[in-house]
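For reference, the structure discussed in these notes is given below.
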Amino acid sequence: MDLELRVAALEKRVKELELLLDHVLNRPNASESERTEISAPAIEHAQPAPRPQLQQETVPAVPAKEPAPPRDWEHLIARVWLPRIFIIVFLLGVLWGFTAAVSAGFITEPVRCLLGVVAAGLMYWQGEAQIRRKRTALGQVLLGGASGVLILSLFAAHMLFELIPSWFAFVLYIVSIAASVFIAIRHRSQALMIITLLAGYLVPFMVDSAHPNMWIFAGYEGLFSMAMMVLSLRYAFRGAYFTAFGVLHLPLLISTLLSHSESDKPAVLTVIILQHLLLFGISLLRSEDSRIGQRITLFLSFGLVAAWTYGFYGTAVNDRHVYEWMLALWSLLYIGTSSWLYLQKRAFSVHVSIATFSIFLWLIFVLHADQAGSALLVEGGIALCLGVRFQSRLQQISGALTYFIGMLFVLTHPIHDIGSHETFAWFVLVATIGGLYAFYRSSAQKGLAPSRISLLLLWMAFILLLIFVSQVTNALTKALNSDYQHLVLSGVWAIYAVLLIVAGLFVRKAKANLIGILFLFVTLLKIIFIDLPDVSTAIRAILFIGLGAIGVGISRLFYKRK
Numbered sequence: 059m060d061l062e063l064r065v066a067a068l069e070k071r072v073k074e075l076e077l078l079l080d081h082v083l084n085r086p087n088a089s090e091s092e093r094t095e096i097s098a099p100a101i102e103h104a105q106p107a108p109r110p111q112l113q114q115e116t117v118p119a120v121p122a123k124e125p126a127p128p129r130d131w132e133h134l135i136a137r138v139w140l141p142r143i144f145i146i147v148f149l150l151g152v153l154w155g156f157t158a159a160v161s162a163g164f165i166t167e168p169v170r171c172l173l174g175v176v177a178a179g180l181m182y183w184q185g186e187a188q189i190r191r192k193r194t195a196l197g198q199v200l201l202g203g204a205s206g207v208l209i210l211s212l213f214a215a216h217m218l219f220e221l222i223p224s225w226f227a228f229v230l231y232i233v234s235i236a237a238s239v240f241i242a243i244r245h246r247s248q249a250l251m252i253i254t255l256l257a258g259y260l261v262p263f264m265v266d267s268a269h270p271n272m273w274i275f276a277g278y279e280g281l282f283s284m285a286m287m288v289l290s291l292r293y294a295f296r297g298a299y300f301t302a303f304g305v306l307h308l309p310l311l312i313s314t315l316l317s318h319s320e321s322d323k324p325a326v327l328t329v330i331i332l333q334h335l336l337l338f339g340i341s342l343l344r345s346e347d348s349r350i351g352q353r354i355t356l357f358l359s360f361g362l363v364a365a366w367t368y369g370f371y372g373t374a375v376n377d378r379h380v381y382e383w384m385l386a387l388w389s390l391l392y393i394g395t396s397s398w399l400y401l402q403k404r405a406f407s408v409h410v411s412i413a414t415f416s417i418f419l420w421l422i423f424v425l426h427a428d429q430a431g432s433a434l435l436v437e438g439g440i441a442l443c444l445g446v447r448f449q450s451r452l453q454q455i456s457g458a459l460t461y462f463i464g465m466l467f468v469l470t471h472p473i474h475d476i477g478s479h480e481t482f483a484w485f486v487l488v489a490t491i492g493g494l495y496a497f498y499r500s501s502a503q504k505g506l507a508p509s510r511i512s513l514l515l516l517w518m519a520f521i522l523l524l525i526f527v528s529q530v531t532n533a534l535t536k537a538l539n540s541d542y543q544h545l546v547l548s549g550v551w552a553i554y555a556v557l558l559i560v561a562g563l564f565v566r567k568a569k570a571n572l573i574g575i576l577f578l579f580v581t582l583l584k585i586i587f588i589d590l591p592d593v594s595t596a597i598r599a600i601l602f603i604g605l606g607a608i609g610v611g612i613s614r615l616f617y618k619r620k
């Protein structure tokens with residue numbers, strides 16, 4: 059027994075030495091002495107020694123990229139699109155056959171409606187059967203067709219043949235829509251849900267009423283929309299969610315255009331506000347945005363609320379205060395909500411953006427054009443800083459649009475008098491551009507914003523400051539004659555360029571030096587192409603002597619600096 063153990067140990071040792079020999083002989087940098095020392099005799103007379111630890115480098119295997127599976131056109135065409143297309147062909151054939159039978163007098167009005175209900179039942183039965191047999195696409199098409207045929211049969215019985223009264227037709231419509239919603243949820247079919255949505259919005263139009271009530275009409279549309287939005291959100295039906303949200307405004311718009319009654323406005327606006335409040339509540343209850351995108355719909359919903367309110371009350375002389383107070387209340391609500399969500403450390407970017415948009419609309423509506431510019435510049439600048447600080451792309455876009463519109467207000471209202479709203483607005487423009495440059499520069503150093511934006515803001519600040527100084531100079535020298543106006547303005551431009559160059563040298567910023575030199579050349583071009591044709595020879599001499607001396611002096615200053 060002891061001999062067998064010794065033989066097994068010896069065999070194990072021989073295998074280890076063979077591995078060691080193979081490792082040394084196959085090593086690229088092994089010397090010749092190492093290769094000759096380890097040979098077969100050495101293995102035979104080798105004494106037991108500690109087992110060396112061999113480290114084998116493992117190279118991670120790179121998985122081969124699997125080719126994309128080929129598209130199964132047979133499945134896509136034959137099982138998906140073929141039933142969808144030919145169910146329409148089938149329904150058209152049935153409709154024409156039905157029309158021919160009616161024209162021949164074979165089918166009376168009650169029988170027609172009854173046949174429609176029976177056809178809907180058969181389509182529903184076949185749809186369920188096809189889904190049980192794993193033919194999902196065909197089954198869903200049959201189920202959707204069953205809902206459509208049932209509603210059309212009820213419509214014919216009520217509107218065309220007057221077989222059932224209005225209240226009973228409305229109840230049957232509701233039951234049909236509820237059954238269709240149940241089927242869509244049962245089979246998790248978004249297509250069926252969307253078909254049901256479109257049919258549900260048409261229900262009030264399919265009820266014959268001699269005295270329609272806008273509160274009932276708008277109330278039904280609003281409750282139906284909100285219920286379907288909640289169900290779509292619950293079962294993650296993105297398409298159905300946006301359909302339930304957006305299509306509501308279409309029947310309300312049609313009814314408003316057909317009504318022309320001032321008393322109908324509160325009903326429509328109430329429903330739209332309730333829908334927005336539902337979205338507002340969902341945004342507070344759900345801490346994280348789902349793939350449905352309810353925060354996008356919240357922002358869009360506020361825009362629609364503002365548009366409807368302005369359409370109803372913003373243009374009316376006696377009701378303008380309604381639109382103004384509505385915007386003020388929405389602004390306060392979303393400012394407070396944003397602050398609360400920030401303290402709760404929850405997402406609040408869309409609420410800040412809505413607050414920015416609401417304040418923007420309020421400022422434009424309340425202030426005059428020469429006053430709104432400066433207010434929008436301040437609001438847009440603050441909104442931009444908040445967007446960068448909290449890394450909110452939507453807030454940055456809102457702030458940028460607000461600031462850009464405020465800038466357009468200011469640029470379209472030049473300065474004519476020193477003590478005017480225009481002067482103050484231009485001062486605010488230059489100050490906010492400078493403040494944004496400083497903020498973006500510090501943010502770029504922290505990695506929160508790209509550095510090219512701060513460079514763009516720097517150029518804008520220099521150019522706008524030059525325009526501002528030029529307008530102030532023209533306002534101060536408008537009592538002088540044309541020669542002196544040109545002389546003073548060119549002198550101001552030259553001084554501005556010199557100050558930029560000196561400031562660049564002082565803070566050791568080459569970009570400021572280049573900008574100052576560029577403005578000095580711009581001043582020279584202004585004198586040549588604008589001043590020379592309109593000024594006297596003496597003024598020309600003064601301009602060229604002064605600008606030439608400044609250019610030579612600046613050049614000498616750079617040489618001395620070098």
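Residues in the sequence shown are numbered from 59 upward in steps of one, following the numbering used here.
Don't be surprised by glycine CBs; every beta carbon is placed ideally from N, CA and C.
Rounded to whole angstroms, how far is the Cβ of W420 from the Cβ of A386, which I believe are closer than 8 Å? 6 Å
In angstroms, rounded to a whole number, what distance separates the CA positions of I586 and F370? 57 Å
So V530 packs on I476, CB below 8 Å; how close in whole Å? 7 Å
Cβ atoms of T490 and G439: under 9 Å apart, would you say? yes
Do L494 and L442 have their beta-carbon atoms positioned less than 9 Å apart in this structure? yes
If you compare alpha carbons, which of W273, I559, W154, L452 is closest to L310? W273
Got a sec, what are the start and stop residues for the alpha helix (DSSP H) M287 sits in? 272 to 292
Given this structure, state the Cα-to-Cα distance separating V408 from L401, to the nearest angstrom. 16 Å
Using a Cβ-Cβ cutoff of less than 7 Å, which residues in the same chain neighbour I559 once the five nearest sequence positions on both sides are dropped? N571, G574, I575, I612
In angstroms, rounded to a whole number, what distance separates the CA positions of G523 and S500? In the sequence under discussion, the amino acid at residue 523 is Leu, which differs from the Gly named in the question. Going by the C-alpha atoms only, they are around 22 Å apart.
Using 8 Å as the cut-off, can you tell me whether the stretch 211 to 224 makes contact with the stretch 190 to 200, which would need three or more C-beta pairs spanning the two stretches below that distance? no
Out of curiosity, what's the CA-to-CA distance linking K567 and V546? 29 Å
Taking one C-beta from the stretch 479 to 486 and one from the stretch 536 to 551 each time, how about it: are there three or more such pairs within less than 8 Å? no
Going by other Cβ atoms of all chains shown within 10 Å of its Cβ, with 16 needed for buried, is D322 buried or exposed? buried
Residues in its own chain within less than 6 Å of A502 by CB, not counting five upstream and five downstream? S509, S512
Among G339, Y381, T157, which has the Cα closest to the Cα of Y629? Lying before the first or after the last residue shown, residue 629 is absent from the chain, which here runs from 59 to 620.
Validate contact between the stretch 203 to 220 and the stretch 262 to 270 using beta carbons, cut 8 Å, 3 pairs: yes
With 16 other Cβ atoms within 10 Å as the buried cut-off, status of H379: exposed
Buried or exposed: where does Q453 fall if 16 or more other Cβ atoms within 10 Å of its Cβ makes it buried? buried
Do F577 and W551 come within 9 Å of each other at the CB atom, strictly closer than that value? yes
CB-CB under 6 Å to V329, same chain, minus the five flanking residues each way: which ones, in chain order? A276, G280
Curious, which full-length alpha helix (DSSP H) runs of at least 4 residues does the stretch 359 to 423 contain? 378 to 401
Excluding the 5 residues flanking A107 on each side, which residues of the same chain have their C-beta closer than 8 Å to its C-beta? With a pLDDT of only 47 at A107, under the threshold of 50, the placement of this residue in the model should not be trusted, and no figure is reported.
Which whole-angstrom value describes the C-beta separation of F467 and A413, a residue pair presumed to lie in contact below a C-beta threshold of 8 Å? No, F467 and A413 are not in contact; Cβ-Cβ is about 21 Å, not under 8 Å.
Rounded to the nearest angstrom, what separates L514 and S450 at their Cα positions? 21 Å
Integer-rounded CB distance, given that Q352 should sit under 8 Å from S341: 6 Å
Could you tell me which of L230, G203, G361 sits nearest to F148, measuring between CA atoms? G203
Rounded separation between R296 and L356 - CA only: 14 Å
Cβ-Cβ separation, A178 to V199 (assumed contact under 8 Å), whole Å: At roughly 14 Å, the Cβ-Cβ gap does not stay under 8 Å, so V199 and A178 are not in contact.
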